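If you're matching positions, the sequence shown starts at -17 in the numbering used here and goes up one per residue.
In what follows, a single structure is set out as structure tokens and then discussed.
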Amino acid sequence: MRVVDQLKERAGNAAQVVVRRHRPDYQIILYMGLLMLLGLIIMYAIGPQRANVLNNAYGTDYYTSMYFFVKQTVSLLLALAAFVALAVTPYEWIKKNAGKILVVGLAACALLFITGNVLHSGVAQCSLGVSLV
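In structure tokens form, the structure reads like this:
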């Protein structure tokens, strides 16, 4: 009977909720930052050559030597802004409004499909009329 009592006592203790303190994963953030920095360095290095090839292929001067680096930097800043916005948003609010967030995401996908396939004959990007460069 002694073993059975010990098992019951352990089962009772396991039912208690123990919440450990959350430690952020700084290594993940460090590795993510290093990958972003590596992407910027690569775009800075190969951007002028790529712009030259595209300008020669299409006979234009549209692509500057910094075109791809600037686009990568703008995309990186938008992604970081979204990351910070979600990091400071309370989880309970996200959980409460998950249905609305899903509807907004699906509407954005539908908008991208309509503007890409219908209006631009299958171009795989969405033009909002704003020029970044």
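The C-beta atom is built at its ideal place from N, Cα and C for all residues, glycine as well.
Fair warning: this is a prediction, and the values are worked out from it, not measured in the lab.
Tell me which residues share the same chain as arginine 32 and place their Cβ nearer than 8 angstroms to its Cβ, disregarding the 5 neighbours each side in the sequence.
Counting from one through the sequence shown, the residue named residue 32 turns up at place 50. Tyr45 and Phe50, listed in sequence order.
Can you give me the start and stop residues for the alpha helix (DSSP H) that tyrosine 152 sits inside?
Any question about residue 152 goes unanswered here, given that the chain covers just -17 to 115.
Which two residues bound the contiguous alpha helix (DSSP H) that contains threonine 55?
Translated into positions along the sequence shown, residue 55 becomes position 73. According to the DSSP assignment, threonine 55 belongs to the alpha helix (DSSP H) that extends over 49 to 70.
Between the C-alpha atoms of leucine 36 and leucine 58, what's the straight-line distance to the nearest angstrom?
By 1-based counting over the sequence shown, the position of residue 36 is 54. By 1-based counting over the sequence shown, the position of residue 58 is 76. Leucine 36 and leucine 58 have their C-alpha atoms some 23 angstroms from each other.
If we ignore side chains and look at the alpha-carbon of each, how far apart do alanine 67 and alanine 90 end up?
Here the question's residue 67 lines up with position 85 in the sequence shown. Here the question's residue 90 lines up with position 108 in the sequence shown. Distance between the alpha carbons of alanine 67 and alanine 90: 18 angstroms.
Quick check on the burial criterion: 16 or more other C-beta atoms within 10 angstroms. Buried or exposed for glycine 129?
There is simply no residue 129 to check, as the chain begins at -17 and stops at 115 in what is shown.
Check tyrosine 73 in the structure and name its three-state DSSP category.
Reading the sequence shown from its first residue, position 91 is the one you call residue 73. The answer is helix: DSSP assigns tyrosine 73 an H, G or I state.
May I ask which residues mark the beginning and end of the alpha helix (DSSP H) holding isoleucine 83?
If you number the sequence shown from 1, residue 83 lands on position 101. Counting along the chain, the alpha helix (DSSP H) containing isoleucine 83 begins and ends at 80 to 95.
Whether serine 142 touches proline 30 by CB criterion (7 angstroms):
The chain is shown only over -17 to 115; residue 142 falls outside these bounds and no answer can be derived.
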